[in-house]
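**Student:** Sharing a structure below in structure tokens format, with a few things to ask.
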Amino acid sequence: MSALGPYAVFITVSYALVALVVAGLIAAIAVDYRQQQDQLRRLEESGVTRRSSGKMSEQP
Amino acid sequence: MFLARLANPSRFLTLTARVLPWLAVATVLVIALGLYQSWTAPDDYQQGATVKIMFIHVPNAWLSMFVWMMMSVSALGTLVWKHPLADVAAKAAAPIGASFTFLALATGSLWGRPMWGTYWQWDARLTSVLILFLMYLSLIALWRAVEDPSRAARAAAVLTLVGAINIPIIKFSVEWWNTLHQGESVFRMGGPTLDRAFLVPLFTMAIGFTLLFITLHLAAMRNEILRRRVRTLQMMQADGRTA
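Quick mapping for you: the protein sequence lines, in order, are chains A and B. Under my numbering, the first sequence has 34 at position 34, and the numbering climbs by one with no breaks. Under my numbering, the second sequence has 268 at position 208, and the numbering climbs by one with no breaks.
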């Protein structure tokens with residue numbers, strides 16, 4: 001920390017903030033994907049399907 | 061044509077499922093290299109070690125504008141060409157662009173305190189970037205407020221194109237007005253004023269963050285396509301159909 005000089009706290013907080021926000025974005029997108037897949041699966045299990053596809057929740 | 065082939069959401073899902081893992085690996089590797097270069101870069105003779113904030117501040121600032129320009133092209137795709145993925149692309153990009161803009165403002169503020177003696181100054185560059193951040197939030201709110209995706213798409217596309225006026229204002233604000241923010245030091249007539257020891261980590265981080273944006277954006281677009289399929293099926297279920 002001392003190698004960063006008198007303003008080390010500003011530098012480390014900046015990098016930590018970027019890491020936190022990027023991690024939050026990745027987590028939000030991953031959770032959203034899981035939620036959409038679960039909803040699609042539930043709908044398909046209840047017998048609702050589109051003309052153009054089979055099981056959409058299993059599509060990549 | 062590649063874009064025309066991607067117009068099919070199912071084909072887009074298949075293609076991105078193949079590409080995303082490779083993009084994610086490339087993003088991690090390039091950002092890791094950029095971080096190594098940033099932390100081993102020499103101190104600036106005036107700013108000392110605080111120059112390290114530049115390696116994360118500048119890529120976020122560049123991307124905050126790049127994402128809006130990409131959304132503006134998508135807005136044209138929605139209004140003019142009616143490309144089925146144009147609104148999906150814009151809607152998926154907005155929260156990511158807002159995050160980059162927030163990080164540009166926050167890291168700039170944390171860099172400004174030791175260098176300028178203040179976290180914030182209502183000068184042209186800082187204020188125009190704050191307006192960009194507020195515009196991102198407005199767009200996200202608009203998409204959430206209007207239930208019908210096609211109506212929301214048109215309104216959001218118009219707002220995006222109007223907001224694009226702010227991008228050249230941000231870019232040239234340091235030349236048009238007397239601001240506390242430093243002038244252009246990388247993309248300028250006569251070449252960059254930055255030393256190579258700072259330029260190399262800066263460009264590596266910029267490439268890494270651009271790859272990060274592409275990866276997150278493609279993943280978010282996939283989610284948006286799935287969300288629209290869920291909505292279609294829910295409406296069919298409400299109608300009592302299984303077409």
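The beta carbon of each residue, even a glycine, is placed where N, CA and C say it ideally should be.
Enumerate in chain order the residues of its own chain whose CB-to-CB distance from residue 213(B) is below 6 Å, with the five nearest sequence positions on each side excluded.
**Tutor:** Excluding sequence neighbours, residue 213(B) sits near 138 and 147.
**Student:** Beta-carbon separation of residue 188(B) and residue 230(B) under 9 Å?
**Tutor:** Going by C-beta atoms, residue 188(B) is nearer than 9 Å to residue 230(B).
**Student:** So the candidates are 109(B), 206(B), 297(B) and 89(B); which of them puts its Cα closest to the Cα of residue 171(B)?
**Tutor:** Of the listed residues, the one whose Cα sits closest to residue 171(B) is 109(B).
**Student:** Shorter than 9 Å from the beta carbon of residue 262(B) to some beta carbon of chain A?
**Tutor:** No - not a single Cβ of chain A is within 9 Å of the one on residue 262(B).
**Student:** Check residue 104(B) in the structure and name its three-state DSSP category.
**Tutor:** Here residue 104(B) sits in strand by DSSP.
**Student:** Taking residue 149(B) as the query, report the chain A residues whose CB atoms sit under 9 Å from its CB, ordered along the chain.
**Tutor:** Simply none; closest approach about 15 Å.
**Student:** Does residue 45(A) come within less than 9 Å of chain B when only Cβ atoms are used?
**Tutor:** Not an interface residue.
**Student:** Going by beta-carbon coordinates alone, are residue 318(B) and residue 240(B) separated by less than 9 Å?
**Tutor:** The structure shown does not extend to residue 318(B), since chain B spans only 61 to 303, so no value can be given for it.
**Student:** If you draw a straight line from the C-alpha of residue 14(A) to the C-alpha of residue 143(B), how long is it?
**Tutor:** Straight-line Cα distance between these residues: approximately 39 Å.
**Student:** Would you tell me roughly how many angstroms separate the C-alpha atoms of residue 112(B) and residue 299(B), rounded to the nearest one?
**Tutor:** Answer to the nearest angstrom: the Cα atoms are 58 Å apart.
**Student:** Taking Cβ-Cβ distances below 8 Å as the criterion, which residues of the segment 148-177 of chain B are in contact with chain A?
**Tutor:** Those would be 155, 156, 159, 162, 163, 166, 167, 170, 171, 173 and 174, in chain order.
**Student:** Exposed or buried, what is residue 72(B) when buried is set at 16 or more other beta-carbons lying within 10 Å of its beta-carbon?
**Tutor:** Answer is buried; the Cβ neighbour count reaches 16.
**Student:** Would you call the CB atoms of residue 227(B) and residue 128(B) closer than 9 Å?
**Tutor:** Result yes, Cβ atoms of residue 227(B) and residue 128(B) sit closer than 9 Å.
**Student:** Count the other C-beta atoms from every protein chain shown that fall within 10 angstroms of the C-beta of residue 126(B), then say buried if there are 16 or more, exposed otherwise.
**Tutor:** Counting Cβ neighbours within 10 Å, residue 126(B) comes out buried, since at least 16 surround it.
**Student:** Measuring alpha carbon to alpha carbon, tell me which of 141(B), 283(B) and 162(B) ends up nearest residue 69(B).
**Tutor:** That would be 283(B), whose Cα lies nearest to the Cα of residue 69(B).
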